[in-house]
Amino acid sequence: MSAPTRAARRDRRRRRVRKKITGTAARPRLAVHRSNRHISAQLIDDETGRTVAAASSREAGVTGGGNITAAGEIGRLIAERARAAGTTTVTFDRGGNRYHGRVAALADAARAGGLEF
196 MSAPTRAARR DRRRRRVRKK ITGTAARPRL AVHRSNRHIS AQLIDDETGR
246 TVAAASSREA GVTGGGNITA AGEIGRLIAE RARAAGTTTV TFDRGGNRYH
296 GRVAALADAA RAGGLEF
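According to this note's numbering, the sequence shown is numbered sequentially starting from 196.
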């Protein structure tokens, strides 16, 4: 039997994380998606299936694409948009990615922007 691929291992981590956390209207889920080129974040209310706020490195005005600088900008943007939507506390969903590098930079910037998780 061969070892699971990197994508399969990430998918198992993602499922394990999602079993434990859900977003509510009072405390939405901050879901992070990281690709090779970009990074994005959404605040999701899983009870109604609604996206409260979103930010992506594909947006105009965000510099750096998918690097750590851009991840920090996205964290700041999502915190600003969350406050505008009336949310200050969130549940963090790292999407199966390790809490390291761009994911950690996004989370740190979101915390600095006023989000609690």
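Cβ coordinates follow ideal geometry from the N, Cα and C atoms, glycine included. Treat the numbers as computed from the prediction; the structure is a model and nothing was measured.
| message | Using 8 Å as the threshold, is the C-beta distance between D258 and A265 below it? | response | Along the sequence shown, read from residue 1 onward, the residue named residue 258 stands at position 63. Along the sequence shown, read from residue 1 onward, the residue named residue 265 stands at position 70. Looking at the sequence itself, residue 258 is Thr, so the reference to Asp does not match. A contact, by the Cβ cut-off of 8 Å.
| Are three or more beta carbon pairs between the region 239-246 and the region 302-310 nearer than 8 Å? | Contact fails: fewer than three Cβ-Cβ distances are below 8 Å.
| field | Alpha carbon of A277 to alpha carbon of R222, nearest angstrom | value | Translated into the one-based positions of the sequence shown, residue 277 becomes position 82. Translated into the one-based positions of the sequence shown, residue 222 becomes position 27. In a straight line, the C-alpha of A277 is about 11 Å away from that of R222.
| R232 to I263, Cα distance in whole Å? | Numbered from 1 along the sequence shown, position 37 holds the residue referred to as residue 232. Numbered from 1 along the sequence shown, position 68 holds the residue referred to as residue 263. So the two alpha carbons sit approximately 11 Å from each other.
| With distances taken between CB atoms, is the gap from T284 to L225 smaller than 8 Å? | Counting from 1 along the sequence shown, the entry for residue 284 is found at position 89. Counting from 1 along the sequence shown, the entry for residue 225 is found at position 30. Taking 8 Å as the Cβ cut-off, T284 and L225 do not qualify as a contacting pair.
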